[in-house]
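Residue numbers (numbering that gives the first Met the number 0): 0 to 130. Okay, so here's the structure we're looking at.
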Amino acid sequence: MGWIGKTFGDAFKEADKLNRQSRRDSERIIRKSQNESKRIIEKSQRESGRIMKDAYALSWLKKVKSGRSISQTVKLTVVKRDKFRCKICHKKVKPSEAEFDHKKPFSKGGKGTAKNIQLLCRHCNRMKSDN
């Protein structure tokens with residue numbers, strides 16, 4: 000080791016140590032920001048997917064003929080919960096065949112809440128009895 004190494008050796012070692020620490024800190028910050036960006040993008044994609052599903056459900060509901068007054072909010076909740084499928088035969092229900100059925104009949108005090116409403120196809124609703 001020459002006179003430069005003897006004179007500045009400790010300073011070089013300290014500078015090298017700080018440089019390595021700085022590089023590790025930078026890499027950690029970059030990873031953290033990449034993870035945060037990824038999380039934000041995934042959340043945005045989930046939210047846009049939810050909005051698209053709501054938009055589809057709303058356009059689907061516009062095609063359904065309405066009988067007794069069940070609110071659009073309840074219908075939307077039921078359609079999304081039942082995934083556009085008849086609760087009896089489990090077939091996908093077309094808007095022209097969709098009917099919202101009271102589990103506990105309206106005539107027997109059944110409410111128009113999502114908990115008491117189910118999506119049925121016309122055929123299954125006709126086969127179902129009030130008893």
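By construction, the Cβ of each residue, glycine as well, lies at the ideal position given by its N, Cα and C atoms. Small disclaimer: the values here were computed from a predicted structure and weren't measured.
Original post:
Taking three-plus beta-carbon pairs below 8 Å as touching, is the stretch 81 to 101 in contact with the stretch 110 to 125?
Top reply: Taking a cut-off of 8 Å on C-beta distances, the stretch 81 to 101 touches the stretch 110 to 125, as three or more cross pairs fall below it.
Original post:
alanine 54 and arginine 80 look like a contact to me (Cβ under 8 Å); what is the Cβ gap, rounded to whole Å?
Top reply: The C-beta distance from alanine 54 to arginine 80 rounds to 17 Å, too long to meet the 8 Å contact threshold.
**OP:** Specify the secondary structure class of cysteine 88 as computed by DSSP and reduced to three states.
**Re:** DSSP places cysteine 88 in coil when its eight states are reduced to three.
**OP:** Count the C-beta pairs between the stretch 69 to 83 and the stretch 39 to 46 that are closer than 8 Å, then say yes if the count reaches three, no if not.
**Re:** Contact fails between the stretch 69 to 83 and the stretch 39 to 46, because fewer than three Cβ pairs, one in each stretch, are under 8 Å apart.
Original post:
Which first and last residues belong to the beta strand (DSSP E) in which isoleucine 69 is found?
Top reply: Where isoleucine 69 is concerned, there is no enclosing beta strand (DSSP E), because DSSP gives it neither an H nor an E.
**OP:** Just mark isoleucine 29 as buried or exposed, buried being the case when its beta carbon has 16 or more other beta carbons within 10 Å.
**Re:** Exposed: under 16 other Cβ atoms inside 10 Å.
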